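Asker: Line order of the protein sequences matches chains D and Y.
Every position in the first sequence, counted from 1, becomes a number in this note's numbering once 27 is added.
Every position in the second sequence, counted from 1, becomes a number in this note's numbering once 277 is added.
Backbone N, C-alpha and C fix where the C-beta goes; we use that ideal spot for every residue, glycine too.
Nothing here was measured: the structure is a model prediction, and the numbers come from that model.
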Amino acid sequence: MTEQHSDGGLVIRVREGDLEALSELYERYKGQVYRTALAVTHNRRDAEDILQDAFLRVYTYADRIDETVPLGPWLYRVTVNLAYSWSSRARRWFSIFPSKLERLVSPGSWHPERVAESQELRQDLQQAIDGLSHGQRVVVVLHYLEGLSLKEIARTLDIPEGTVKSRLYYARDRMRKAIQEQERRLVPDVAYDFT
Amino acid sequence: MWHMISRRKISEEYPTDELDSLIRWALRERVAGATPPPRVWRRINERLKSRIAVNELGLWERFCVTYRSVADRLGRGNISYTQSIPLSVWDRVERQNLLFVLAYQCGMPMLAAKGV
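Quick look at the structure:
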């Protein structure tokens, strides 16, 4: 059976330049970092770069990491900060091509009408997520995808819990409007006009 | 089941839990099946190994300069890097240099690697 080392023990070894310890931390947290980065950036290559930079930072700043607590929250913070740098860079290059590509990916096995609806809904939701501000998107990802409580998010991002609540409120409001808008598009006015 | 959610199920008011489910579904769709490819760790490993090599080279150069300076100061002429400095002259070495030389005299990882 492989021995399970604590995060703190591994961080101490990383401080001494131990790449095996870093590799163990990488195996433990790569999923969390990659998934979060991908959900925020919506781009696999960027998520890879963020994952790489995050672990280079673990190595570089190992002596500043508190070894008495789990590494997860520190990594979330680094990931969302790196993703923020990504989004400021990427904003200039935003293009609709990925959206068009996604339209071509079909689930395949359902009724055509439902497939179309589902695809359109998926599309609208993804665009609504993309349209959130970075701060709102991060809160949404950490809460809904990573399952962090509002308190945990506040602690991780070092912001007041009230700010987390308000970001989540506005993000949900925006998502709700996106869904309603899609529904209005799919149900033409004439449908109600058959008296 | 996430994939079966459709607009037909969504009321105009969108109950909180249904909207929450939709957001979760959209996010899971966004990352579905995504795992980082092995090349990411390879790149990290390569970057760090080259960084370590550069650092060691820097240390090695600093050590050579320091050791020569100490040797000159002690008037010992052609001193070998592996040759230990007699205890009697340690107190004549500046503290900063002393610590540096001492660290290498004890561990000598670079000396061993270079076969000096």
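Hey, residue 105(D) and residue 81(D): beta-carbon distance below 9 Å or not?
Answerer: Here residue 105(D) is taken as the residue at index 78 of the first sequence, counted from 1. Here residue 81(D) is taken as the residue at index 54 of the first sequence, counted from 1. Inclusion of residue 105(D) and residue 81(D) in the CB contact set at 9 Å is warranted, their separation being smaller than that value.
Asker: Taking 9 Å as the threshold (C-beta atoms), are residue 85(D) and residue 92(D) in contact?
Answerer: Taking the first residue of the first sequence as position 1, residue 92(D) is located at position 65. Taking the first residue of the first sequence as position 1, residue 85(D) is located at position 58. Contact: yes.
Asker: With a CB to CB cut of under 6 Å and the five nearest residues on each side skipped, what residues in its chain are close to residue 94(D)?
Answerer: Position 67 of the first sequence, counted from the start, is the residue given in the question as residue 94(D). Here the set comprises 35, 38 and 39.
Asker: For residue 69(D), which residues in chain Y fall below 7 Å Cβ to Cβ?
Answerer: Locating residue 69(D) in the first sequence gives position 42, where the first residue counts as 1. What residue 69(D) touches in chain Y: 307.
Asker: Could you have a look at residue 76(D) and say whether DSSP puts it in helix, strand or coil?
Answerer: By 1-based counting over the first sequence, the position of residue 76(D) is 49. It is helical.
Asker: Since residue 330(Y) meets chain D, which of its residues come closer than 9 Å, beta carbon to beta carbon?
Answerer: The residue labelled residue 330(Y) in the question sits at position 53 within the second sequence. None at all; the shortest Cβ gap to chain D is about 12 Å.
Asker: Please list the partners that residue 44(D) has in chain Y, where partner means a Cβ-to-Cβ separation under 7 Å.
Answerer: Locating residue 44(D) in the first sequence gives position 17, counting from the first residue. Those within 7 Å of residue 44(D) in chain Y are 329.
Asker: Quick one: residues in its chain with C-beta nearer than 8 Å to the C-beta of residue 151(D), no 5 flanking neighbours on either side, listed in chain order?
Answerer: Translated into positions along the first sequence, residue 151(D) becomes position 124. Excluding positions up to five away in sequence, the list reads 205, 206, 208 and 209.
Asker: Would residue 182(D) and residue 296(Y) qualify as a contact pair, given that the criterion is a beta-carbon distance under 9 Å?
Answerer: Working through the first sequence from its first residue, we reach residue 182(D) at position 155. Working through the second sequence from its first residue, we reach residue 296(Y) at position 19. No, Cβ-Cβ distance for residue 182(D) and residue 296(Y) is not below 9 Å.
Asker: In chain D, which residues lie with their C-beta within 7 Å of the C-beta of residue 313(Y)?
Answerer: In the second sequence, counting from the first residue as 1, residue 313(Y) sits at position 36. By Cβ distance, chain D contributes 57, 61, 75 and 78.
Asker: Roughly how far, in whole angstroms, is the beta-carbon of residue 103(D) from the beta-carbon of residue 169(D), given that I think they are within contact range, below 8 Å?
Answerer: As a working mapping, residue 103(D) is identified with position 76 in the first sequence. As a working mapping, residue 169(D) is identified with position 142 in the first sequence. The pair is a contact, with the Cβ atoms about 7 Å apart (cut-off 8 Å).
Asker: If we call anything under 9 Å between Cβ atoms a contact, is residue 61(D) one with residue 98(D)?
Answerer: As a first step, residue 61(D) is located in the first sequence; it is residue number 34 there, counting from the start. As a first step, residue 98(D) is located in the first sequence; it is residue number 71 there, counting from the start. Not a contact, by the Cβ cut-off of 9 Å.
Asker: Helix, strand or coil for residue 33(D)? Go by DSSP, reduced to three states.
Answerer: As a first step, residue 33(D) must be located in the first sequence, where it is residue number 6. Judged by DSSP in its simplified three-state form, residue 33(D) adopts coil rather than helix or strand.
Asker: Which term fits residue 313(Y), buried or exposed, when burial requires 16 or more other beta carbons within 10 angstroms of its beta carbon?
Answerer: Position 36 of the second sequence holds residue 313(Y). Its Cβ being crowded by 16 or more others within 10 Å, residue 313(Y) is buried.
Asker: Can you name the start and end residues of the alpha helix (DSSP H) that residue 64(D) belongs to?
Answerer: Along the first sequence, one-based indexing puts residue 64(D) at 37. Per DSSP, residue 64(D) belongs to the alpha helix (DSSP H) from 46-68.
Asker: May I ask which residues mark the beginning and end of the alpha helix (DSSP H) holding residue 91(D)?
Answerer: Counting from 1 along the first sequence, the entry for residue 91(D) is found at position 64. Run containing residue 91(D): none; DSSP gives neither H nor E here.
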